[in-house]
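Have a look at the structure below before the remarks.
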Amino acid sequence: MNDKVIESNVRERKILRNDLLIKIYNEYFSSPKHYSIDKKERIKDRELDLALLYLEDSNLIKKGITGEEYIPTVSGINYIEDIANRFL
Numbered sequence: 001m002n003d004k005v006i007e008s009n010v011r012e013r014k015i016l017r018n019d020l021l022i023k024i025y026n027e028y029f030s031s032p033k034h035y036s037i038d039k040k041e042r043i044k045d046r047e048l049d050l051a052l053l054y055l056e057d058s059n060l061i062k063k064g065i066t067g068e069e070y071i072p073t074v075s076g077i078n079y080i081e082d083i084a085n086r087f088l
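Numbering (UniProt numbering), first residue to last: 1 to 88.
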């Protein structure tokens, strides 16, 4: 792989992680439900699974009671709000 392809893949994964974190954040604050993903969806979409693992390992999200639900941690909330404040 050349450097441009690697950079593109890294950028796409970062965008996926940020989009996923924003979805989890919005779901957490807009409804009583938490963002959930079933195992079939995670198995089918390896990039989604890797993004969830990265966000968990970075302490930006944590699993809910069922293990298929995700909620933002305080660090995740601060991360999203810091990004939002940059654009205000």
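Think of the CB as a built atom: it goes at the ideal place given N, C-alpha and C, for glycine as much as any other residue.
Buried versus exposed call for residue i [16 or more other C-beta atoms within 10 Å across all chains shown]
i	result
isoleucine 43	exposed
C-beta contact flag for residue i and residue j at 8 Å
i	j	result
tyrosine 79	histidine 34	no
glutamate 68	serine 30	no
glutamate 47	arginine 11	no
The alpha helix (DSSP H) enclosing residue i, as first and last residue numbers
i	result
glutamate 69	Counting along the chain, glutamate 69 falls outside any alpha helix (DSSP H), though it belongs to the beta strand (DSSP E) covering 69-72.
isoleucine 6	3-30
isoleucine 43	39-44
7 Å Cβ shell around residue i - same chain, five flanking residues per side excluded
i	result
arginine 17	Ala51, Tyr54, Leu55
Close-in-space but distant-in-sequence residues of the same chain around residue i (CB under 8 Å, 5 per side omitted)
i	result
isoleucine 61	Leu21, Ile24, Leu52, Leu55, Tyr70, Ile71, Pro72, Thr73, Gly76
asparagine 59	Thr73, Ser75, Gly76
For residue i, the first and last residue of its enclosing beta strand (DSSP E)
i	result
isoleucine 61	61-63
heavy atom of the ligand GDP below 7 Å from residue i C-beta
i	result
leucine 52	The ligand GDP is not part of this structure, which contains no ligands at all.
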